[in-house]
Amino acid sequence: GKAFKNVSNLVSSTLDTVYQTDEGESRQLAYKNNVFYTDELDNLSGKLTDINQKKRDGFTYRYNVNNAECENMSVNVAVSRDVYQVNFYTDETKTERISYAFIRRGAAAVAPTTPEAPTCKKFVSWSEDYSNVLCDLDVYAVWEDDHNIVKSFDGESGDIDIHCTKCDTVNYKFNFLETCNKRKGEDGFNELADINNDGVVNAKDYAIFTMM
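For what it's worth, our numbering labels the leading residue of the sequence shown as 22, then goes sequentially.
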């Protein structure tokens with residue numbers, strides 16, 4: 022901690038919480054009982070750059086020196102820590118955080134309850150190993166497709182309907198006859214009709230469709 026002779030001269034710090042109000046910007050100083058504090062270790066992580074252009078953990082504060090001819094003094098404070106912040110997010114966009122925890126170096130974090138799966142998705146794993154935390158970590162849930170696909174085939178017209186019963190992202194309708202005898206790379210080839218994945222749409226695929 023750092024005690025100031027006159028706390029009212031403390032203008033701001035990079036640890037402050039800033040609010041937007043109808044009157045403009047409001048700032049809650051991150052300084053209390055002679056100590057700078059933060060609820061998020063991310064606010065410290067790599068926030069300073071030393072003379073060797075190396076990133077350091079720390080923060081900056083500005084102080085009014087009560088001299089009209091001088092600008093506010095800006096002070097960088099490097100910190101040393103053995104505790105890291107592990108954030109857990111719902112997906113790779115990292116826009117929705119589920120939880121976070123402060124973990125001592127080398128210790129393991131505890132994952133939160135797996136979030137509810139988005140439509141037509143199922144949980145695969147968490148994106149990072151958090152069993153031996155050695156730095157700040159962002160961990161997100163990894164999902165894979167979990168569609169309920171149904172396929173229907175009209176043998177007379179050749180019309181095929183492939184769609185998911187749970188969502189509208191998988192919804193294909195085409196005619197088998199229009200792509201029959203087409204090879205991969207040729208105009209008119211439809212990989213959805215090549216149901217046995219041999220690179221050509223032919224009677225083998227037709228036979229499979231008729232058994233659906």
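Backbone N, C-alpha and C fix where the C-beta goes; we use that ideal spot for every residue, glycine too. All figures in this text were calculated on a predicted structure; none of them were measured in a lab.
Cα-Cα separation between residue i and residue j, rounded to whole angstroms
i, j, result
"K75", "C156", "16 Å"
"Y193", "S173", "11 Å"
"R204", "F195", "17 Å"
"P133", "M233", "42 Å"
"G67", "N93", "23 Å"
"A122", "S29", "32 Å"
"V107", "V191", "36 Å"
"S152", "V131", "8 Å"
"D175", "N223", "16 Å"
"I119", "A138", "13 Å"
Continuous alpha helix (DSSP H) stretch holding residue i: start and end
i, result
"D226", "A224 to T231"
N- and C-terminal bounds of the beta strand (DSSP E) containing residue i
i, result
"E177", "Counting along the chain, E177 falls outside any beta strand (DSSP E), and DSSP gives it neither H nor E."
"T38", "T38 to T42"
"F197", "Taken as a continuous stretch (DSSP letters only), F197 belongs to no beta strand (DSSP E), being part of the alpha helix (DSSP H) at F197 to T200."
"T81", "G79 to Y84"
"I45", "Before going on, a small fix: residue 45 reads as Gly here, not Ile. Element bounds for G45: G45 to Q49."
Proximity of residue i and residue j at Cβ, strictly below 7 Å
i, j, result
"V100", "Y82", "no"
"T186", "V171", "yes"
"Y58", "Y110", "no"
"K142", "D167", "yes"
"G179", "F197", "yes"
"E117", "V145", "no"
Sequence-distant residues of its chain with Cβ nearer than 8 Å to residue i (five each side left out)
i, result
"T140", "K187 and C188"
"D103", "R125 and R126"
"D78", "L65, S66, G67, K68, L69, A99, V100, S101 and R102"
"E46", "V39 and Y40"
"L62", "R102, V104, Y105, Q106, F123 and D157"
"D215", "K205, V221, V222 and D226"
"I229", "I216 and N217"
Distance cut-off 6 Å: residue i Cβ against heavy atoms of the ligand ATP
i, result
"V154", "This structure lacks the ligand ATP; in fact it carries no ligand of any kind."
Per DSSP, cross-strand counterpart(s) of residue i
i, result
"I216", "Partner(s): none; I216 has no beta bridge."
"N192", "H184"
Cβ neighbours of residue i in the same chain (closer than 7 Å, five flanking residues each side left out)
i, result
"N54", "none"
"N169", "C185, T186 and K187"
"A128", "V154"
Cβ neighbours of residue i in the same chain (closer than 6 Å, five flanking residues each side left out)
i, result
"V32", "R83, N85 and N93"
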